[in-house]
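Novice: Numbered according to this note's numbering, the sequence shown spans residues 2 to 474. Every residue gets a Cβ at the ideal spot worked out from N, C-alpha and C, and that includes glycine. For clarity, every value in this text was computed on a predicted model and none was experimentally measured. This structure is in structure tokens; I'll ask about it shortly.
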Amino acid sequence: MCRLARFAFIAAILIPTSSLHAQGTSQPAVDPRIAKLVASISEERLQQLLQKLSSFKTRNTCSDPSSPDGVGAARQWIYDELKRTSPKLQVSFDTHQLSSARGCAGSIELRNVVAILPGKTPRRIYVSGHYDSVNLGSGGQQASNSGATAAAAATRPGAAAQAPGEPPAGGQPPATRPIRDPNIPAPGANDDGSGTVLSMELARVFAESGIDFDATLVFMTVAGEEQGLLGAAAHAKMAKDQKIPIEAWFNNDIVGGSRGGDGTVDSATIRLYSEGPEDSPSRSLAIFAQRFGALYVPSHQVRLMARRDRFSRGGDHSALNDQGFAAIGFRESRENYSKQHGPNDTIDGVDFRYLAQNARVNAAGMATLALAPPPPVVTNTRGQPTIDRRTSGYDAHLRWQPSPGAAGYRVFWRNAWAPDWQREIAVGNVTEYTFPHMNIDDWVFGVAAVDAAGHESAVSPYVLAARTPDSGS
Ligand SMILES: [Zn+2]
2 MCRLARFAFI
12 AAILIPTSSL
22 HAQGTSQPAV
32 DPRIAKLVAS
42 ISEERLQQLL
52 QKLSSFKTRN
62 TCSDPSSPDG
72 VGAARQWIYD
82 ELKRTSPKLQ
92 VSFDTHQLSS
102 ARGCAGSIEL
112 RNVVAILPGK
122 TPRRIYVSGH
132 YDSVNLGSGG
142 QQASNSGATA
152 AAAATRPGAA
162 AQAPGEPPAG
172 GQPPATRPIR
182 DPNIPAPGAN
192 DDGSGTVLSM
202 ELARVFAESG
212 IDFDATLVFM
222 TVAGEEQGLL
232 GAAAHAKMAK
242 DQKIPIEAWF
252 NNDIVGGSRG
262 GDGTVDSATI
272 RLYSEGPEDS
282 PSRSLAIFAQ
292 RFGALYVPSH
302 QVRLMARRDR
312 FSRGGDHSAL
322 NDQGFAAIGF
332 RESRENYSKQ
342 HGPNDTIDGV
352 DFRYLAQNAR
362 VNAAGMATLA
372 LAPPPPVVTN
382 TRGQPTIDRR
392 TSGYDAHLRW
402 QPSPGAAGYR
412 VFWRNAWAPD
422 WQREIAVGNV
432 TEYTFPHMNI
442 DDWVFGVAAV
452 DAAGHESAVS
462 PYVLAARTPD
472 SGS
């Protein structure tokens, strides 16, 4: 065999093929305890919780907190409900004083409600929805600029005329715009009562599961989203300052409606947004959430969106991204803009079967992540990926640090122009692996840690170091 032919032959047998894929892949195993936890999510309880939550006149952050049916009473009810749910939950207010907030007259006190289920390790996995609501005027708001741009929309005359998807009109500083009355009715059943009760129901099922999780789980209902992600931003900054190890954050905002404003119905899918670039921690988390959502809730599909959020819209996950944390945003597949940010965001717009399915998808990902070892570290102390070409110059050689609790590892790879992993192989309890004749410039590789029971971590990808402006060749 001539040299060239021999090379071709070796390449043909060694370059990963679908048969190798089939050999090396066993679908991650279903853990019956997680399946039971997922199945215990109750449509009825979601409905009971939302009935009560949306019965408060308003949960507007700028409204009078001393009103018996206002934001102060609503957050106290959430606190009390979480407290009586399980003695295992450590419930507290995460309070932040703000001297001003857009759309509010004077200073305000923000209170996120936090329920912590302690795990064996301090690494944290969050699920959240924002409990605050807003009414921008009669008939709701077509544009429905949630989150970061909401305050601008809330205080801009004619905001309701803005078409969905249009960028918010800027111009005037907030102080010159009129402040709408924050005390008018704002039921906020879907935005974001849906994400709030989803987080509260998950607090119950995780606390009652009897499972001893490795990670600490945090169920958080967030304040001040509509004024510009204030509650999430304050918590994220505090977490960064105090070096709290937030490993993952599942945010749910407007996740209860299955009928869009154009009449289209979709109760079988949910959108999941994540900040890029490709292989960012948030993208890796989104892929993970889809993988384990499909394993435990095959009747429900997570649709990955390779973008931070929708056009002109924002959500709390972005406030976490701003501090460098992995955070993803779930959004119902078909929104009804005419029901958002108005008096008609009422409970009749929420499909509880759909909301429960969305809760199950969250639970599957969170439970798997919380039982799995932490993702392997695939960088050296200088932050460079520990991947090389071996002495041959033509092989892909991957190294990683052992993850505590791992009994083995699974290596993933894909073409460098592909959005998702295409191949995977279980490689056993090793901390390096070589793919002969695979050029590291042409493929993206990643590795996940797996424990003895088969719980798999998110994938740590080998990412090209950021380019410096003068780097050449
Ligand atoms: Zn919202």
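Helix, strand or coil for W78? Go by DSSP, reduced to three states.
Specialist: As a position in the sequence shown, residue 78 is number 77, starting the count at 1. W78: helix per DSSP, three-state reduction.
Novice: Run through the DSSP bridge pairs and tell me what I212 is partnered with.
Specialist: By one-based count along the sequence shown, residue 212 stands at place 211. In the DSSP output, where bridge partners are listed per residue, I212 has none listed.
Novice: Just to confirm my understanding: we take R205, look at its own chain, exclude 5 residues before and 5 after, and list those with CB closer than 6 Å. What are they?
Specialist: Within the sequence shown, residue 205 is the residue found at index 204, counting from 1. For R205, where only same-chain residues beyond five positions count, the Cβ hits under 6 Å are T86.
Novice: In its own chain, which residues sit with a C-beta less than 6 Å from the C-beta of V460, not counting the 5 before and 5 after it?
Specialist: As a first step, residue 460 is located in the sequence shown; it is residue number 459 there, counting from the start. Excluding sequence neighbours, V460 sits near S285, F413, G447 and A449.
Novice: Exposed or buried, A454, counting other C-beta atoms within 10 Å across all chains shown (16 or more means buried)?
Specialist: Within the sequence shown, the letter at position 453 stands for residue 454. It is exposed - the Cβ of A454 has fewer than 16 other Cβ atoms within 10 Å.
Novice: Going by other Cβ atoms of all chains shown within 10 Å of its Cβ, with 16 needed for buried, is D352 buried or exposed?
Specialist: As a working note, residue 352 is residue 351 in the sequence shown. By the neighbour-count rule (16 or more Cβ atoms within 10 Å), D352 is buried.
Novice: In this structure, does DSSP put N322 in helix, strand or coil?
Specialist: Reading the sequence shown from its first residue, position 321 is the one you call residue 322. In this structure, N322 counts as helix in the three-state DSSP scheme.
Novice: Do you know whose CA, among Y355, T432 and F94, lies nearest R400's CA?
Specialist: For the purposes of this step, residue 400 is identified with residue 399 of the sequence shown, where counting begins at 1. When each option's Cα is compared against that of R400, the closest is T432.
Novice: Whole angstroms is fine: what's the gap from P470's alpha carbon to R383's?
Specialist: Mapped onto the sequence shown, residue 470 falls at position 469. Mapped onto the sequence shown, residue 383 falls at position 382. P470 and R383: Cα-Cα distance of roughly 19 Å.
Novice: Would you mind working out which of R292, N337, V362 and H318 sits nearest V266, comparing C-alpha positions?
Specialist: Within the sequence shown, numbered from 1, the residue matching residue 266 stands at position 265. Nearest option by C-alpha distance: N337.
Novice: Between which two residues does the beta strand (DSSP E) carrying M367 extend?
Specialist: Locating residue 367 in the sequence shown gives position 366, where the first residue counts as 1. Premise fails: M367 lies in the alpha helix (DSSP H), F353 to L372, not in any beta strand (DSSP E).
Novice: Going by the DSSP bridge assignment, what does R311 pair with across the sheet?
Specialist: Taking the first residue of the sequence shown as position 1, residue 311 is located at position 310. Partner(s): none; R311 has no beta bridge.
Novice: The alpha helix (DSSP H) that contains E44, what's its start and end?
Specialist: What you label residue 44 is simply residue 43 of the sequence shown in a count that begins at 1. Its alpha helix (DSSP H) spans residues E44 to L54.
Novice: Report buried or exposed for G394, applying the criterion of at least 16 other Cβ atoms within 10 angstroms of its Cβ.
Specialist: Residue numbering aside, residue 394 sits at position 393 when the sequence shown is read from its first letter. Exposed, because fewer than 16 other Cβ atoms sit within 10 Å of the Cβ of G394.
Novice: Assign D389 to one of three DSSP states: helix, strand, or coil.
Specialist: For the purposes of this step, residue 389 is taken as residue 388 along the sequence shown, with counting starting at 1. It is a strand residue.
Novice: Exposed or buried, which one is D443 when buried takes at least 16 other CB atoms within 10 Å?
Specialist: Taking the first residue of the sequence shown as position 1, residue 443 is located at position 442. Its Cβ having fewer than 16 others within 10 Å, D443 is exposed.
Novice: Report yes if the C-beta distance between D215 and G120 is below 8 Å; otherwise report no.
Specialist: Position 214 of the sequence shown, counting from 1, holds the residue named residue 215. Position 119 of the sequence shown, counting from 1, holds the residue named residue 120. Contact flag set, yes.
Novice: Using 8 Å as the cut-off, can you tell me whether the region 30 to 45 makes contact with the region 67 to 77, which would need three or more C-beta pairs spanning the two stretches below that distance?
Specialist: With a cut-off of 8 Å, the region 67 to 77 and the region 30 to 45 do not count as touching, because too few Cβ pairs lie within range.
Novice: Are the CB atoms of F289 and L370 within a distance shorter than 8 Å?
Specialist: As a first step, residue 370 must be located in the sequence shown, where it is residue number 369. As a first step, residue 289 must be located in the sequence shown, where it is residue number 288. Contact: yes.
Novice: Which of the three DSSP states is assigned to V464 in this structure?
Specialist: As a position in the sequence shown, residue 464 is number 463, starting the count at 1. Three-state DSSP puts V464 in coil, outside helix and strand.
Novice: What residue ranges within the region 61 to 123 form continuous alpha helix (DSSP H) runs of no fewer than 4 residues, ordered along the chain?
Specialist: Within the region 61 to 123, the complete alpha helix (DSSP H) runs of at least 4 residues are 72 to 86.
Novice: With respect to the alpha helix (DSSP H) encompassing H1, which residues constitute its N-terminal and C-terminal limits?
Specialist: Shown here, the chain extends from 2 to 474; a query on residue 1 therefore has no answer.
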